[in-house]
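Engineer: Structure provided below as structure tokens; questions to follow.
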Amino acid sequence: MALFELDAKSDLPPWLQLRNRLAYLITSGYFKPGEKLPTVRGLAAEVSMNFNTVNKAYISLTDEGFIESKPGKGTIVRNISEKESQKLESVDVLIEDCVDACLAMGLDFDEVSKRIKKKIHEMERQRQDGERHS
1 MALFELDAKS
11 DLPPWLQLRN
21 RLAYLITSGY
31 FKPGEKLPTV
41 RGLAAEVSMN
51 FNTVNKAYIS
61 LTDEGFIESK
71 PGKGTIVRNI
81 SEKESQKLES
91 VDVLIEDCVD
101 ACLAMGLDFD
111 EVSKRIKKKI
121 HEMERQRQDG
131 ERHS
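Last residue of the sequence shown: 134 (the UniProt record's numbering), numbering continuous.
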């Protein structure tokens with residue numbers, strides 16, 4: 001997968017796919033604290049995306065504390081410590097993205113909730129079965 005490759009078939013809007021990819025690259029350590037990110041204009045050209053779409057992803061990451069804009073220095077990756085609250089915030093973002101994608105497919109909140117609970121139950125059962133067979 002290319003560094004900023006987006007999925008044209010995804011129900012997630014392009015700006016959110018880009019935001020999620022950048023957040024992953026930052027939290028996984030690919031981009032280090034203090035490292036300069038591509039400019040909005042440069043990244044837009046690289047991924048053949050509208051300037052405003054990339055800018056929306058950068059604004060979201062700034063609001064969430066992943067990056068900051070420093071005059072004369074560009075957009076810099078912030079030092080993100082691995083505090084539990086920050087991990088939970090990341091989990092909340094993933095859950096929100098999942099729910100948004102389900103809603104975009106036409107499911108309502110009640111159906112999304114039921115399916116998530118069902119999947120959790122299935123995964124718990126699989127994990128327990130795996131522990132019994134180990």
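Ideal placement from N, C-alpha and C gives every residue a C-beta, glycine not left out.
How many angstroms separate the CA atom of Ile120 from the CA atom of Leu16?
Structural biologist: Counting from 1 along the sequence shown, the entry for residue 120 is found at position 120. Counting from 1 along the sequence shown, the entry for residue 16 is found at position 16. If I take the Cα positions, the gap works out to 25 Å.
Engineer: Lys70 lies in the alpha helix (DSSP H); which residues open and close that run?
Structural biologist: Here residue 70 refers to the residue found at position 70 of the sequence shown. From DSSP, Lys70 is part of no alpha helix (DSSP H) but of the beta strand (DSSP E) over 67-70.
Engineer: Return the CA-CA distance between Lys9 and Val54, expressed in angstroms with no decimal places.
Structural biologist: As a first step, residue 9 must be located in the sequence shown, where it is residue number 9. As a first step, residue 54 must be located in the sequence shown, where it is residue number 54. For Lys9 and Val54, the distance between alpha carbons rounds to 18 Å.
Engineer: With burial defined as no fewer than 16 other Cβ atoms inside 10 Å of the residue's Cβ, what is the status of Ile26: buried or exposed?
Structural biologist: To locate residue 26, count along the sequence shown from 1; it is residue 26. Flag for Ile26 reads buried.
Engineer: Could you give the DSSP three-state label for Thr39: helix, strand or coil?
Structural biologist: Your numbering for residue 39 matches position 39 in the sequence shown. Three-state result, Thr39: coil.
Engineer: Tell me the DSSP secondary structure of Val77 in three-state form.
Structural biologist: Here the question's residue 77 lines up with position 77 in the sequence shown. Reduced to three states, the DSSP call for Val77 is strand.
Engineer: Look at the alpha carbon of Lys70 and the alpha carbon of Asn52, and state the distance between them as a whole number of angstroms.
Structural biologist: Along the sequence shown, read from residue 1 onward, the residue named residue 70 stands at position 70. Along the sequence shown, read from residue 1 onward, the residue named residue 52 stands at position 52. Their Cα atoms are separated by approximately 19 Å.
Engineer: Kindly indicate which residue of Asp63, Phe4, Phe109, Asp11 has the alpha-carbon position closest to the one of Pro38.
Structural biologist: Position 38 of the sequence shown holds residue 38. Minimum Cα distance to Pro38 is reached at Phe4.
Engineer: By the three-class DSSP mapping on this structure, what secondary structure does Asn52 have?
Structural biologist: The residue labelled residue 52 in the question sits at position 52 within the sequence shown. DSSP, read as helix, strand or coil, puts Asn52 in helix.
Engineer: Can you tell me whether Gly34 is helix, strand or coil according to DSSP?
Structural biologist: Residue numbering aside, residue 34 sits at position 34 when the sequence shown is read from its first letter. Coil at Gly34, not helix or strand.
Engineer: With 16 other CB atoms within 10 Å as the buried threshold, where does Leu28 fall?
Structural biologist: By 1-based counting over the sequence shown, the position of residue 28 is 28. For the sequence presented, residue 28 should be read as Ser rather than Leu. It is exposed - the Cβ of Ser28 has fewer than 16 other Cβ atoms within 10 Å.
Engineer: For Val99 versus Val91, is the C-beta distance shorter than 7 Å?
Structural biologist: For the purposes of this step, residue 99 is identified with residue 99 of the sequence shown, where counting begins at 1. For the purposes of this step, residue 91 is identified with residue 91 of the sequence shown, where counting begins at 1. No, they are not a contact pair.
Engineer: Quick one: Cα of Asp11 to Cα of Leu61, how far?
Structural biologist: The sequence position of residue 11 within the sequence shown is 11, counting from 1. The sequence position of residue 61 within the sequence shown is 61, counting from 1. Using only the alpha carbons, I get a separation of about 20 Å.
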